[in-house]
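Right, one structure below, let's go through it.
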Amino acid sequence: MVLVGAGGIPHEQLVKLAEQHFGSIPSQPPTSAGSAIAAEQKRLPDFIGSDVRIRDDTVPTAHIALAVEGVSWKDDDYFPALVTQAIVGNWDRAMGNSPYLGSKLSTFISHNNLANSFMSFSTSYSDTGLWGIYLVSENKTALDDLVHFTLREWSRLSFSVTPAEVERAKAQLKASILLSLDGTTAIAEDIGRQIVTTGRRMSPQDIERAIDKVTEKDVMDFAQRKLWDQDVAVSAYGSVEGMLDYQRIRNDMSRNAA
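For the sequence shown, the working numbering begins at 182 and goes up steadily by one.
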């Protein structure tokens, strides 16, 4: 359990309230339970490439998620993973500035009418993570192109990342994180999540410094380890008849992006 206070509350008062209401709770689980938990935590999960599709032609769009194994909260690649995700970016054609968001993938998809929207993600857990993208498209005959050029962009990240796009991604990432801490509720949630997942809290200044340290080489190293020629999990729902087989998608994980 984590008790968090944010805003105008004296630390001593919070400590006194914690002792009053939670002082009788054991700080450690019983030895047998603690040993069992520690043993379970040492087991690393296995990421296995997979493909699950639910075709429903009554749904006017195709919803496709592609993911590789990401990184845990404590992994050294945590911030490079976030910056790499920001390079891929998010896009929605309903946005007035959608063709000019800066992401190479968003520009290509917009100009070729391949999708309605996409959202990249880097989700971390205690021992592993998921890094990928969620795509929505009503262009049912272009789903193979959509997946192909998305993974081609992933491949490019292993070999050709420009300083400009890394700086843009870092600026967007810092803005997104800092803007999310816009009140005591959000700050308390952030403190609690960090304490539970990493055992310590990084201040906004610490996070900003960590993001600033990420270089083009860090991004390409992350992509080479996690994206290039790695198994991919595929999940699709809706009008997905136009998606080709898993082996075709898997082969695109090591395609020359040139």
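Beta carbons: idealized from backbone N, C-alpha and C, even for Gly. From a predicted model like this one, the values you see are computed outputs, not experimental measurements.
Check this for me: beta carbons of residue i and residue j, under 8 Å apart or not?
i, j, result
"D273", "G423", "no"
"G251", "W312", "yes"
"V249", "V400", "no"
"G373", "V183", "yes"
"D238", "S420", "yes"
"I392", "L425", "no"
"L295", "A275", "no"
"D433", "H292", "no"
"L247", "V415", "yes"
"A199", "I368", "no"
"D412", "G230", "yes"
"I268", "V347", "yes"
"S361", "G310", "no"
"H244", "V317", "yes"
"Y427", "D227", "no"
"F299", "Y315", "yes"
Would you decide whether residue i is buried or exposed? Buried here means 16 or more other CB atoms lie within 10 Å of its CB.
i, result
"S384", "exposed"
"K398", "exposed"
"P191", "exposed"
"R390", "exposed"
"P241", "exposed"
"A345", "exposed"
"D387", "exposed"
"S301", "buried"
"Q266", "buried"
"M255", "The displayed chain sequence assigns Lys, not Met, to residue 255. Answer is exposed; the Cβ neighbour count stays below 16."
"I206", "exposed"
"L327", "buried"
"A356", "exposed"
"S208", "exposed"
"A350", "buried"
"L408", "buried"
Check the DSSP bridge columns for residue i and list the partner residues they point to.
i, result
"E250", "L311"
"I245", "L316 and A417"
"I235", "Y418"
"D273", "S298"
Could you work out which residue in the options is closest to residue i when comparing CA atoms only?
i, options, result
"S303", "L332, P261, S341 and I388", "P261"
"S435", "D232, L338 and A267", "L338"
"A404", "I245, Y427, R382 and E334", "E334"
"I376", "Q201, I290, S307 and P226", "S307"
"E319", "V395, Y418, S208 and R382", "Y418"
"T331", "L225, S284 and G380", "S284"
"R236", "Q194, K321, S305 and F203", "K321"
"F340", "H202, R406 and V185", "R406"
"T378", "E193, G189 and S305", "S305"
Between residue i and chain D, is the shortest Cβ-Cβ distance under 8 Å, so that the two count as touching?
i, result
"M276", "Although the question refers to chain D, the structure presented lacks it and comprises just one protein chain."
Task: Segments assigned alpha helix (DSSP H), at least 4 residues, entirely inside the segment 289-363 - done: 324-337 and 344-361
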